[in-house]
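A.B. asks: Numbering (the working numbering), first residue to last: 2 to 122. Here a beta-carbon is modelled for each residue, glycine too, at the ideal position from N, C-alpha and C. Bear in mind the structure is a predicted one, so any value in this text is a computation, not a measurement. Can you keep this structure in mind? I'll have questions shortly.
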Amino acid sequence: MDNIKFTPQDILHKQFKERNIGKGYDEADVDAFLDDVIKDYDTYNKEIERLNDENERLRAKVDELNRQVEVGSSMSNQTTSRQPVSSATNMDILKRLSNLERRVFGSQLDGNDNNNDSHLL
2 MDNIKFTPQD
12 ILHKQFKERN
22 IGKGYDEADV
32 DAFLDDVIKD
42 YDTYNKEIER
52 LNDENERLRA
62 KVDELNRQVE
72 VGSSMSNQTT
82 SRQPVSSATN
92 MDILKRLSNL
102 ERRVFGSQLD
112 GNDNNNDSHL
122 L
């Protein structure tokens with residue numbers, strides 16, 4: 002945008018030099034001014050085109066990233082659904098373990114056996 006010479010206000014308030022040969026504007030002055038205006042419009046158009054291209058590229062990138070996120074989340078859901086879901090809490094597991102120990106080592110845990118094996122303490 003550093004190549005832009007005129008603002009809309011510059012164009013609106015431009016005063017042309019008058020020639021000494023009667024009323025009118027110096028043609029060379031007007032032509033030079035209009036040449037600069039044309040260059041500015043050309044620069045604006047190129048900048049707009051560049052920004053539109055960048056906008057398209059960024060939209061395509063966003064679409065690609067959204068697809069990757071969708072694929073990742075669907076894969077995450079598939080792996081989650083393959084794993085067995087356990088609703089057992091630590092307390093449930095401890096209760097089950099205690100019941101199992103009573104069944105396997107019942108007489109020894111109740112104190113009916115006088116052996117004091119280290120694995121039973």
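Report, in whole angstroms, the separation of the C-beta atoms of Ile12 and Val38, which I expect to be a contact under 8 Å.
C.D. replies: Sure, about 6 Å apart at Cβ, within 8 Å.
A.B. asks: In whole angstroms, give me the CA-to-CA distance for Glu19 and Asp43.
C.D. replies: Those two C-alpha atoms are separated by around 28 Å.
A.B. asks: Following the continuous alpha helix (DSSP H) through Ile12, name the residue where it begins and the one where it ends.
C.D. replies: Looking at the DSSP string, the run of the alpha helix (DSSP H) that includes Ile12 is 9 to 13.
A.B. asks: CA-CA distance, Asn91 and Leu101?
C.D. replies: Taking the straight line from one Cα to the other gives about 15 Å.
A.B. asks: Measuring only the C-alpha atoms, how far is Met76 from Lys62?
C.D. replies: Going from the Cα of Met76 to the Cα of Lys62 covers about 21 Å.
A.B. asks: Rounded C-beta distance between Phe34 and Asp27? I'm assuming under 8 Å.
C.D. replies: With 8 Å as the limit, Phe34 and Asp27 do not qualify as a contact, their Cβ atoms being about 10 Å apart.
A.B. asks: Expressed to the nearest angstrom, what Euclidean distance is found between the alpha-carbon atoms of Val70 and Arg51?
C.D. replies: The straight-line gap from Cα to Cα measures roughly 29 Å.
A.B. asks: Per the DSSP calculation, Tyr26 is bridged to which residue(s)?
C.D. replies: The partner list for Tyr26 (beta bridge, DSSP) reads Glu19.
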